[in-house]
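In order, the protein sequence lines correspond to chains E and L. Note that the numbering used here has the first sequence beginning at 628, numbered continuously upward. Note that the numbering used here has the second sequence beginning at 628, numbered continuously upward. Encoded as structure tokens, the structure appears first; notes follow it.
2 protein chains.
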Amino acid sequence: MQLTPTGWSILGFLALQPRNGYAIRQAARRSVEHFWGVSDGQLYPQLRHLHELGLIAPAGAAPERGASTTWHLTTAGRGALHEWLRTPSAATRSRDENLVKLMFADDLGRSAVLDLLQERRAAFAATREQVAAVKPGAQRHGEDEALDRVGPRLVHEYSLSFLDAAIGWCEDAMAEVTGQEGS
Amino acid sequence: MQLTPTGWSILGFLALQPRNGYAIRQAARRSVEHFWGVSDGQLYPQLRHLHELGLIAPAGAAPERGASTTWHLTTAGRGALHEWLRTPSAATRSRDENLVKLMFADDLGRSAVLDLLQERRAAFAATREQVAAVKPGAQRHGEDEALDRVGPRLVHEYSLSFLDAAIGWCEDAMAEVTGQEGS
DNA sequence: CTGAACATGTAAAAGGTTACATGATTTT
DNA sequence: AAAATCATGTAACCTTTTACATGTTCAG
Numbered sequence: 628m629q630l631t632p633t634g635w636s637i638l639g640f641l642a643l644q645p646r647n648g649y650a651i652r653q654a655a656r657r658s659v660e661h662f663w664g665v666s667d668g669q670l671y672p673q674l675r676h677l678h679e680l681g682l683i684a685p686a687g688a689a690p691e692r693g694a695s696t697t698w699h700l701t702t703a704g705r706g707a708l709h710e711w712l713r714t715p716s717a718a719t720r721s722r723d724e725n726l727v728k729l730m731f732a733d734d735l736g737r738s739a740v741l742d743l744l745q746e747r748r749a750a751f752a753a754t755r756e757q758v759a760a761v762k763p764g765a766q767r768h769g770e771d772e773a774l775d776r777v778g779p780r781l782v783h784e785y786s787l788s789f790l791d792a793a794i795g796w797c798e799d800a801m802a803e804v805t806g807q808e809g810s
Numbered sequence: 628m629q630l631t632p633t634g635w636s637i638l639g640f641l642a643l644q645p646r647n648g649y650a651i652r653q654a655a656r657r658s659v660e661h662f663w664g665v666s667d668g669q670l671y672p673q674l675r676h677l678h679e680l681g682l683i684a685p686a687g688a689a690p691e692r693g694a695s696t697t698w699h700l701t702t703a704g705r706g707a708l709h710e711w712l713r714t715p716s717a718a719t720r721s722r723d724e725n726l727v728k729l730m731f732a733d734d735l736g737r738s739a740v741l742d743l744l745q746e747r748r749a750a751f752a753a754t755r756e757q758v759a760a761v762k763p764g765a766q767r768h769g770e771d772e773a774l775d776r777v778g779p780r781l782v783h784e785y786s787l788s789f790l791d792a793a794i795g796w797c798e799d800a801m802a803e804v805t806g807q808e809g810s
């Protein structure tokens, strides 16, 4: 069984609990967004595809066009997800325009380098606040299977620790660049 | 002037010093790879494109097919690069399959979560060694303008501090998951 | 009843990765 | 002379992004 990681991620969200496409998007925004964005244009085609493969099924009989459709995993879907979970992962990849700029910014002088670091710090700090405001796994109210999962909590903690490290680095770097007034 | 960040990154490497396509790829591998990969299939078409825009020029008269071509920035190219450097950057984006799996791995039990964390730790540790082995900015021998640039050094330090944070988090997470033998 | 949020979708274009294909140069 | 590395390029495919398009439900 072969899917794009975006497909797997959608499958994963349905494994946590049944929901409609819109709710998947929201859940992705709350948790995964920074390391696996799911874009609008891909969500609904992927749902159709997963349905065709028999990995998910609509709650009602037939999904009507334009109406809200709640999807849930089939047995095959859960099996496929578990199989994927045991598969080795592709390496982490980032696309970080700001860092690329930093690489080449010397030409413009120290102040330009500082500007880039400041931009970076501000962006990370804003993201950190946003992430800190979210409670991981609290996707439903009341007692729920989702609540005692370690996965969402660990991922949330990872995001925070990454952001803290990045912000810390920005500050160190700014101090370093400000300190040595050579060149 | 509008380019893809891949194009800008190529331009940036030529700003540091003139070189051929192959050398750009190598330089990218040494420095930027983890946060802005430049893939083979894009490099040469991009060089042609940058040439058409008048941002870079070949060393010899005309670039011959199959022969090594050393490219350097034109005045317009350097101007465009500088302009880009002052432009606000797109937000950092990562694609991290391992983290997505972690999010959904609870179903398979604590041992599967630990496996994922171990896989993650090993991958980051390997990358860390690889990155640590590289000396930033040392792209030429002898005294060189590249040597007193802060950019490459800062970026190198960022990579290391990111990797350290990630490895630290893996270890904390493993301890946490191992510790609480509930569920 | 009006606007905000909910909900689903499509089409086109841009971008990136992979695999392939070829030949030159240098080292052993 | 063979092998490794240097060097350039193409084509197909896959994925993602963006922009658009439409209709519903609920709160004020």
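Here a beta-carbon is modelled for each residue, glycine too, at the ideal position from N, C-alpha and C.
Task: Residues near residue 645(E) by beta carbon distance below 7 Å, same chain, minus five either side - done: Closer than 7 Å at the Cβ level, and outside the excluded window around residue 645(E), lie 686, 697, 698 and 699.
Open item on the list: Less than 8 Å between CB atoms is the rule here; does residue 635(L) satisfy it with respect to chain E?
Closed with: Yes, contact with chain E.
Task: Closest by C-alpha distance to residue 647(L), when choosing among 695(L), 732(L) and 710(L) - done: If we check each option's Cα against that of residue 647(L), 695(L) comes out closest.
TODO: Consult DSSP for residue 678(L) and reduce its assignment to one of helix, strand or coil.
DONE: Here residue 678(L) sits in helix by DSSP.
Task: Proximal residues, the stretch 717-730 of chain E versus chain L, C-beta separation under 7 Å - done: Residues 717, 718, 719, 720, 721, 722, 723, 724, 725, 726, 727, 728, 729 and 730.
- [ ] Note the first and the last residue of the continuous alpha helix (DSSP H) segment covering residue 760(L).
- [x] Segment: none, residue 760(L) is in no alpha helix (DSSP H) and carries neither H nor E.
TODO: Report yes or no: is there a C-beta of chain L within less than 8 Å of the C-beta of residue 658(E)?
DONE: Chain L, which has a Cβ nearer than 8 Å to the Cβ of residue 658(E), makes this yes.
Task: Chain-order list of residues whose beta-carbon lies under 7 Å from that of residue 633(L) (same chain, five-residue window excluded) - done: Result list for residue 633(L): 665, 669 and 673, in chain order.
- [ ] Identify whether residue 699(L) lies in helix, strand or coil by the three-state DSSP scheme.
- [x] For residue 699(L), the secondary structure class from DSSP, reduced to helix, strand or coil, is strand.
Task: Contacting positions in the stretch 658-672 of chain L - beta carbon closer than 8 Å to chain E - done: Answer in chain order: 658, 659, 661, 662, 663 and 664.
- [ ] Can you grab the Cα-Cα spacing for the pair residue 813(E) / residue 651(E), in whole Å?
- [x] In this structure chain E extends from 628 to 810, so residue 813(E) is not present and cannot be described.
Open item on the list: Below 8 Å on C-beta distance, what does residue 800(L) contact in chain E?
Closed with: What residue 800(L) touches in chain E, judged by beta-carbon distance under 8 Å, is 781, 784 and 785, going in chain order.
Open item on the list: What does the alpha-carbon distance come out to for the pair residue 741(L) and residue 789(E)?
Closed with: Whole-angstrom Cα-Cα distance: 20 Å.
Task: Short CB-CB distance (under 8 Å) between residue 776(L) and chain E - done: Residue-level contact check: residue 776(L) touches chain E, since one or more beta carbons of chain E fall below 8 Å from its beta carbon.
Open item on the list: Is there a Cβ of chain L sitting closer than 8 Å to that of residue 804(E), yes or no?
Closed with: True, the Cβ-Cβ gap to chain L drops below 8 Å.
Task: Nearest candidate by alpha-carbon position, reference residue 745(L), set 792(L), 798(L), 756(L) and 710(L) - done: Looking at the Cα atoms, 798(L) is the closest of the given residues.
Open item on the list: Does the stretch 715-724 of chain E come into contact with the stretch 712-724 of chain L, if we say contact requires no fewer than three beta-carbon pairs (one atom in each stretch) closer than 8 Å?
Closed with: Touching, yes.
Open item on the list: Classify residue 769(E): buried if its beta carbon has 16 or more other beta carbons within 10 angstroms, exposed otherwise.
Closed with: Confidence at residue 769(E) is low in this model, with a pLDDT of 40, below 50, so the placement of that residue should be treated as unreliable; the coordinate-derived value is given next. In this structure residue 769(E) is exposed. Its beta-carbon is surrounded by fewer than 16 other beta-carbon atoms within 10 angstroms.
Task: Close-in-space but distant-in-sequence residues of the same chain around residue 677(E) (CB under 6 Å, 5 per side omitted) - done: Here the set comprises 683.
Open item on the list: Taking the alpha helix (DSSP H) that residue 656(L) belongs to, which residues open and close that run?
Closed with: In the DSSP assignment, residue 656(L) falls within the unbroken alpha helix (DSSP H) covering 648-657.
- [ ] Would you mind telling me which residues of chain L sit closer than 9 Å to residue 639(E), beta carbon to beta carbon, in chain order?
- [x] Ordered by position in chain L, the residues that pass the 9 Å Cβ test against residue 639(E) are 727, 728, 730 and 731.
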